[in-house]
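Okay, so here's the structure we're looking at.
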Amino acid sequence: MYIIIVGGGSVGYYLSKALIDEGHEVLMVEKNATKCDRFEDELGSVCLTGDGCEVAVLAEAGAARADVFIAATNEDEDNLVACQVAKHKFEVSRTIARVNNPKNGEIFKKLGIDCPISVTNLILEHIEEEIPTHALIHLLTMSEEKTEIVEVRIGERSTAVGKSVKELTLHPDSILVLLMRNGQKPQVPTKDTILQAGDRIIALTPIDNEGVLRKELAGS
Amino acid sequence: MKVIIMGCGRVGAQLASLLDAEKHNITVLDVDAHSFRRLPPAFGGTALLGDGTDEEMLKKAGVEGADAFVAVTQGDNRNVMAAQMAKHMFNVPKVICRIYDPLRKDIYEALGLEAISPTTVFAQLLKEKLLAM
Amino acid sequence: MKFEKILVAASGTGADEETVKLACDLAKKSKAKVYVVYVIEVKRSLPLDAVIESEVQKAEQVLTRAEDIASDRDYEVMTGLIQAREAGPAIIDEAVERGVGLILMGVTYKKRFGAFSLGRAIPYVLEEAPCHVILFREPTP
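Residue numbers (our numbering), protein chains in the order written: chain A, 25 to 244; chain B, 464 to 596; chain C, 99 to 239.
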């Protein structure tokens, strides 16, 4: 694949290295010429000096033939614009934007960015998983199927404690895939499996449905 | 008209002043309090310290009841982001933004945003003046 | 100076003539092998292995000319065509791979925007080459 990454900060740099190692063709676009030179010294001809939001720069970068476009600068608005230019001017099929301010994740989705990723949110979720009221972690979003894979912890005070799976009120398209209980091997829950406090469930759920799932299982 | 202006640089301040003189309801947003010095002493509108790309700030500025939103900060990208938020999230009827880069302006016009590129406008103006001689 | 292997980076300009002659003269003493390479710089809007007819034709002309110049000097050179994003790193890679002791480059007297310019590849090779480098510049026009 041909992948363009805008932003030569740590995210851009490590992404590039990883993707190059996997055998993809990668181009970084970075405004600072010195940084660019350093990347080229280490990784080869993989860095273009320029502003990744400008049409002329992206044209030079060959954006029209890119399979994936990633905007990983420190500024959300730059990431937004770079992705929008890539999508609307160069018709790149997959645009991914790093989102620093978690609130912008929703906004970016509304404005057509395929995949906004907020590191802040990812970390918050892992911290908050320890607190029973926010017991849901996003593991994977499958945007084409409009489905998410999440991990939910059954809270002490959840109404799900002591219930069997079939007694839960779940969205028809939600699937409880795996049950992890302390001291036991992971198992696939059946409709008769009784849930206990402290259980962790890996579930498949439609993207808009996680609030309901959280309430039903985590008990917030 | 209730107008929100994002960016109290020379253009933003002058626009605010002109509209205020015609008795419109103006709110000016800027991230730098020092920029509000550009507003006339008798300015009757509101000057608010804040970032127009922040949803909460836009609400505080009254975007939900606004008739118009103008984005004229120094940054093309911030202008474009705020304008899109005003238009698509808050459905402000009239949204205009400044985009210096003519090529980016074309893209956003195609996306339904009203955008003005001072670069193009001024170059055109100069050309007319030169050729009229 | 005695070298076992010499790499000539052809520029496609008039300077190539003297550069190839010089390479042959230097090579004769130690019966060194001479490689003449021409790098096609492929823009990023195309994949690296794209075939650009006009460039390939030009490259072939340049390399054939080099072979002719060498044979006039009673010497045999090997030629090669490389496609890369940037000529500088490609020349260095080639030099390292072949283990050459000398890189020869030629440049015409060119002014870009009114100022004398060596372009990008030459300064890069001068800085990064692990072996000897000789840069041949034509007289001013």
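From the three backbone atoms N, C-alpha and C, an ideal C-beta is built for every residue, glycine too.
Quick check on this structure: which residue in the options has the alpha carbon closest to the alpha carbon of residue i?
i	options	result
B:A531	B:E572, B:V491 and B:F585	B:V491
C:Y133	C:E225, C:D123, C:G204 and C:M176	C:M176
A:G31	A:L104, A:M25, A:D45 and A:P213	A:L104
C:A157	C:E225, C:L202 and C:A108	C:A108
C:Q159	C:S169, C:L179 and C:Y173	C:L179
B:Q547	B:T516, B:E485 and B:Q537	B:T516
A:E168	A:R118, A:E49, A:A57 and A:Y38	A:R118
B:L482	B:M464, B:V494, B:F499 and B:M469	B:M464
B:V533	B:V558, B:D514, B:T583 and B:H487	B:V558
C:L146	C:E184, C:V135, C:A113 and C:R171	C:E184
C:G217	C:E195, C:F234, C:R196 and C:G186	C:G186
Can you find the residues in the same chain that come closer than 6 Å, C-beta to C-beta, to residue i, ignoring five residues on each side of it along the sequence?
i	result
A:D216	S188
B:A578	C560, I562, K568, Y571 and E572
A:G129	V123, P140 and S142
A:R9	Summary: the structure shown does not reach residue 9 of chain A, with chain A confined to residues 25 through 244, and so no result is reported for it.
B:P503	S480
A:A90	Y26, I28 and V116
C:L105	Y133, A193, V198 and I201
C:A182	V137 and A188
B:F499	C471 and A510
C:T238	Y207
C:L161	Y136 and T177
Would you kindly work out how many angstroms separate the C-alpha atoms of residue i and residue j, rounded to a whole number?
i	j	result
C:K141	C:A219	15 Å
A:S34	C:C122	48 Å
C:F214	C:K208	6 Å
A:I231	A:I137	16 Å
C:G199	C:C229	5 Å
C:T111	B:R501	58 Å
B:P556	C:E226	59 Å
A:R181	A:I94	42 Å
B:A496	B:F506	15 Å
C:I232	A:L51	32 Å
C:A125	C:E236	21 Å
A:E24	C:E139	This structure does not reach residue 24 of chain A, given that chain A is present from 25 up to 244, and the question cannot be answered.
A:I199	B:R541	41 Å
B:C471	A:P126	27 Å
C:F211	B:L512	46 Å
C:I190	C:V223	7 Å
A:A83	A:I120	18 Å
B:E519	B:G525	10 Å
B:V543	A:L203	46 Å
A:I173	B:L478	50 Å
B:F553	A:G76	28 Å
A:L228	A:M166	10 Å
B:I468	A:K111	28 Å
C:E165	C:E174	7 Å
A:L67	A:K41	8 Å
Residue i bridges to which residues according to DSSP?
i	result
C:F234	C:G204
A:F93	A:I28 and A:T119
A:C71	A:M52
C:Y133	C:L105 and C:M176
A:N233	According to DSSP, A:N233 bridges with nothing at all.
A:N103	In the DSSP output, where bridge partners are listed per residue, A:N103 has none listed.
B:N488	B:K465
C:Q181	C:I138
B:T509	B:T490
A:R224	A:R177 and A:M204
B:I579	B:R561
C:R210	C:A213
Counting only the same chain and skipping the five closest in sequence on each side, list residues whose C-beta sits under 8 Å from that of residue i.
i	result
A:V220	In the sequence under discussion, the amino acid at residue 220 of chain A is Gln, which differs from the Val named in the question. So the qualifying residues of the chain are I178, V185, G186 and R205.
A:C60	G32, M52, E54, C71, L72 and T73
A:H150	I161
C:K131	E102, K103, I104, A125 and M176
A:L146	H162
B:A484	none
A:V212	V201, L202 and L203
A:L237	L160, V174, V176, L194, H195, S198, A227 and T229
Give me, in chain order, the residues of the same chain whose beta-carbon lies closer than 7 Å to that of residue i; leave out the 5 immediate sequence neighbours on both sides.
i	result
C:I167	E115, V118 and K119
A:V79	V109 and K113
B:A476	R501 and L502
A:T193	E240
B:D539	I562, Y563, D564 and R567
A:F132	L104, A121, V123 and P140
Is any non-hydrogen atom of the ligand FAD found closer than 7 Å to the C-beta of residue i, if you look at the structure I gave you?
i	result
B:K465	Among the components of this structure there are no ligands whatsoever, and the ligand FAD is therefore not found.
Secondary structure, beta strand (DSSP E): runs of 3+ residues fully inside the region 528-559 of chain B: 531-534
message: Quick check for students: name the residue ranges of the beta strand (DSSP E) that lie wholly in the region 113-187 of chain A, counting only runs of 3 or more.
response: 118-123, 139-142, 160-166 and 171-177
message: I'd like the ranges of any alpha helix (DSSP H) spanning at least 4 consecutive residues and lying wholly in the region 32-67 of chain A.
response: 34-45 and 57-67
message: Report the start-end ranges of each beta strand (DSSP E) in the region 185-222 of chain A that is 3 residues or longer and not cut off at the edges.
response: 199-204
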